[in-house]
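Residue numbers (this note's numbering): 388 to 501.
We treat Cβ as the ideally placed atom computed from N, Cα and C, and that holds for glycine.
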């Protein structure tokens, strides 16, 4: 998932569309650019710039959402619209099946737990 581009706009759009629940984590990683400085379009901290070797980990954001199958195309379209810059580092979207969801507090299962 993209790091600095669509941040607040994505969170606001999700709430407006009726999908306020999500988890966002700051992570370090690298894509096909292998973390090579100069090929990322955002500021990299001095500590990361000092790392030796060609492979570096760069700051990214990983966002997890669990949605009903019929809502996936809309959310994917919003993510792409907000985050696409056309530059290296725009991110990836992975759509994976979720076998079961259980709300711990109430014991609700399936769609009711979302």
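Point to revise | Contact set for residue 465: own chain, Cβ-Cβ below 8 Å, skip 5 residues either direction | key: 397, 400, 401 and 404
Practice item. Would you kindly check if the distance between the Cβ of residue 453 and the Cβ of residue 488 is under 9 Å? Key: yes
Check your understanding: Which stretch, first to last residue, makes up the beta strand (DSSP E) that contains residue 415?
Key -> 410 to 416
Review point. Would the beta-carbon of residue 395 fall within 9 Å of that of residue 448?
Key: no
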